[in-house]
Amino acid sequence: MLRIHCILLIGLFPVLFTAHLICQDSLSTVVIVKEIKIVGNRSTKNYVILREMSTKPGDTLRQESLERDQNNIYNLGLFNKVDVDYNIKEDSAIVYVVVYERWYLIPYPVLGMKYRDPSKLYYGAGFMHQNFRGRNEKLNTEICFGYDKWVSLGYSNPKITYEDDLFLGGIISVQKLHDLSKNFMEYENSNVFFSLTGGKRFGLYKMLLGYLSYEIWQVSKPELRRTLSSTGRDAFISCGIQYRYDTRNNREYTTDGTLVSIVASKVGFGESDVDYSRLALDLRRFFGFGEGVGLGVRGYCVFLIGGAIPSYKHVFFGYDERIRGYFYDIYEGENRMGANLELRYPIFLPRYLDLDFIKIPEFKKLRFGLYVGIFADVGKIWCRNESVRNLPWYSGYGAGLQFLLPYAFTIRLEAALNNFGKLQGLIDFDTSF
């Protein structure tokens, strides 16, 4: 079983980089783009949309380029629908980009159960502005009470000035959280977190960013030694760098394209007992077969390098990453790796429901779709003092229905068998990857 899982995990990585053939342009004559006109952007600035287009005035008109531009604009997450068309007159064309804007001011509830225990309820509210000043800037704030408590404020700006492709973001939060681990007695972490992120986008699909953060962690029971400091308080600086390459056709529900994410981080610089490094990889390749059918392959890992790591910085299966078949189980460690394989087949392709009787324009055109997903997941998690070879692989496979709903909302109803033959039903509210 170990050899099978290793072969599956290692064998997926070359597939992620298989060459993708691009169809020949469908236009038989050379037509030059004379002008690009944008329609429907009552709030969004023109440059936000034009920035996502490879097509420029003076370029040769190419149908395939316009289709990619349409996907890129939709991937901004600012519009319910994007149409790109053109009108040819003699040897030139005017390209029309028609957008239907979303509702950008979004209040939302925060509600959950720690450890899925109804007696450990947390509740609150958040507010998000998805398109502040019409510049695709994001503002977000949350406040939560109950078993876990926190308040946070975040901001991001994807393009600081008109002339550059530099971006900037930051977040600050104050939290009182109970530990995620199920291996120790429960305790409460008081945490203050501040992070500043900056970087540059290169072209349409490449991005390089760095971050600098400062964290304070203080535990309610120092005698449990859940911090590296004997006082029960850790305070340290972190920094990191990330490279990202993303050509996915639709980030809400991908059926074609590639994502490569490489993150290297350093935590602690001698100002506390916390001092370690991490390397994280996330490699995804989706093969589109036409008619909306897609096969997705993913490999991912997180490796710890260097000194001791506090338990509140461990990685898990059961929170941000899950193995279907062990979907509700929690496994903890310092290192993690895994792979996913998923075939996405449409029952009906995404389509738009026109609700012209609604007076609010942001809710007149809503997108729906329904897919069948057939999947297999595998993963392993471990600490450095454990023998990796002797630890189990967790794996599962199954199928389910995946509902694509308006405003990038997805519901998955799935059933999975794990490697012990145990059947598990699950519901989730996002794509698997």
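Here the sequence shown is numbered in my numbering, starting from 5 and rising by one per residue. Quick reminder that beta carbons are idealized off the backbone N, C-alpha and C, glycines included. Keep in mind it's a predicted model, so treat the numbers as computed, not measured.
Alpha carbon to alpha carbon, how far is residue j from residue i? Give it in angstroms, no decimals.
{"i": "Cys208", "j": "Thr64", "result": "Reading the sequence as shown, one finds Leu at residue 208 and not Cys. Their backbone Cα atoms lie some 18 Å apart in a straight line."}
{"i": "Ile8", "j": "Trp397", "result": "Interpretation of Ile8 is limited by its pLDDT of 44, a score under 50 that renders its predicted location unreliable; no figure is taken from the coordinates."}
{"i": "Gln428", "j": "Arg326", "result": "13 Å"}
{"i": "Leu54", "j": "His133", "result": "21 Å"}
{"i": "Lys426", "j": "Leu82", "result": "42 Å"}
{"i": "Asp434", "j": "Leu408", "result": "9 Å"}
{"i": "Glu39", "j": "Glu346", "result": "41 Å"}
{"i": "Tyr112", "j": "Tyr127", "result": "11 Å"}
{"i": "Arg120", "j": "Leu184", "result": "12 Å"}
{"i": "Ile431", "j": "Met57", "result": "36 Å"}
{"i": "Asp381", "j": "Gln406", "result": "17 Å"}
{"i": "Lys60", "j": "Asn84", "result": "24 Å"}
{"i": "Asn389", "j": "Phe307", "result": "14 Å"}
{"i": "Cys148", "j": "Leu370", "result": "31 Å"}
{"i": "Met117", "j": "Ser123", "result": "8 Å"}
{"i": "Leu25", "j": "Met211", "result": "Low local confidence applies: a pLDDT of 34 at Leu25 is under 50, so the model's placement there is unreliable, and no value is given."}
{"i": "Ala403", "j": "Asn135", "result": "36 Å"}
{"i": "Phe413", "j": "Pro350", "result": "17 Å"}
{"i": "Ile77", "j": "Phe320", "result": "34 Å"}
{"i": "Asn91", "j": "Lys41", "result": "11 Å"}
{"i": "Glu338", "j": "Asn193", "result": "19 Å"}
{"i": "Asn344", "j": "Gly311", "result": "30 Å"}
{"i": "Asp279", "j": "Gly300", "result": "36 Å"}
{"i": "Tyr166", "j": "Gly203", "result": "15 Å"}
The alpha helix (DSSP H) that contains residue i, what's its start and end?
{"i": "Leu54", "result": "Asn50 to Leu54"}
{"i": "Arg72", "result": "Gln67 to Tyr78"}
Just curious, the beta strand (DSSP E) that residue i is in, first and last residue?
{"i": "His133", "result": "Leu125 to Phe136"}
{"i": "Gly214", "result": "Lys210 to Val223"}
{"i": "Lys41", "result": "Ile36 to Val43"}
{"i": "Ala312", "result": "Per DSSP, Ala312 belongs to no beta strand (DSSP E) and is neither H nor E."}
{"i": "Leu405", "result": "Tyr398 to Leu409"}
{"i": "Ala380", "result": "Lys369 to Trp386"}
{"i": "Ile98", "result": "Ser96 to Glu105"}
{"i": "Thr414", "result": "Phe413 to Asn422"}
{"i": "Thr145", "result": "Glu141 to Gly150"}
{"i": "Gly429", "result": "Leu427 to Asp432"}
{"i": "Lys153", "result": "Lys153 to Asn161"}
{"i": "Pro365", "result": "Counting along the chain, Pro365 falls outside any beta strand (DSSP E), and DSSP gives it neither H nor E."}
{"i": "Val88", "result": "Phe83 to Lys93"}
Candidates the options: which alpha carbon is nearest residue i's?
{"i": "Pro314", "options": "Leu125, Glu227, Ile245 and Asp238", "result": "Asp238"}
{"i": "Ser276", "options": "Arg248, Phe240, Leu283 and Val382", "result": "Phe240"}
{"i": "Asp95", "options": "Asn140, Gly128 and Val34", "result": "Val34"}
{"i": "Ile36", "options": "Ser58, Arg66, Glu56 and Tyr51", "result": "Arg66"}
{"i": "Glu68", "options": "Thr165, Tyr78, Gly62 and Val88", "result": "Val88"}
{"i": "Leu125", "options": "Arg388, Val319, His182 and Ile175", "result": "His182"}
{"i": "Tyr257", "options": "Val319, Phe290, Glu141 and Ile309", "result": "Phe290"}
{"i": "Tyr159", "options": "Ser265, Thr145, Asn76 and Leu80", "result": "Thr145"}
{"i": "Thr195", "options": "Met189, Ser217 and Leu283", "result": "The question names Thr, but residue 195 in the sequence shown is Asn. Checking every option, the nearest Cα to that of Asn195 belongs to Ser217."}
{"i": "Lys153", "options": "Gly62, Asn422, Asn161 and Val114", "result": "Val114"}
Run the CB neighbour count on residue i, radius 10 Å, all protein chains shown included, and call it buried at 16 or more, exposed below.
{"i": "Gly298", "result": "buried"}
{"i": "Ile362", "result": "exposed"}
{"i": "Asp360", "result": "exposed"}
{"i": "Ala97", "result": "buried"}
{"i": "Ser436", "result": "buried"}
{"i": "Gly294", "result": "exposed"}
{"i": "Phe424", "result": "exposed"}
{"i": "Leu287", "result": "buried"}
{"i": "Val101", "result": "buried"}
{"i": "Leu70", "result": "buried"}
> Does the stretch 412–422 come within contact of the stretch 325–342, defined as at least 3 CB pairs closer than 8 Å?
Replying inline: The stretch 412–422 vs the stretch 325–342: in contact.
> Pairing CB atoms from the stretch 40–53 with CB atoms from the stretch 186–202, are three or more of them under 8 Å?
Replying inline: No contact exists between the stretch 40–53 and the stretch 186–202.
> Within the chosen definition, does the stretch 221–235 reach the stretch 250–267 through at least 3 CB pairs nearer than 8 Å?
Replying inline: Contact annotation: the stretch 221–235 does not touch the stretch 250–267, with fewer than three C-beta pairs closer than 8 Å.
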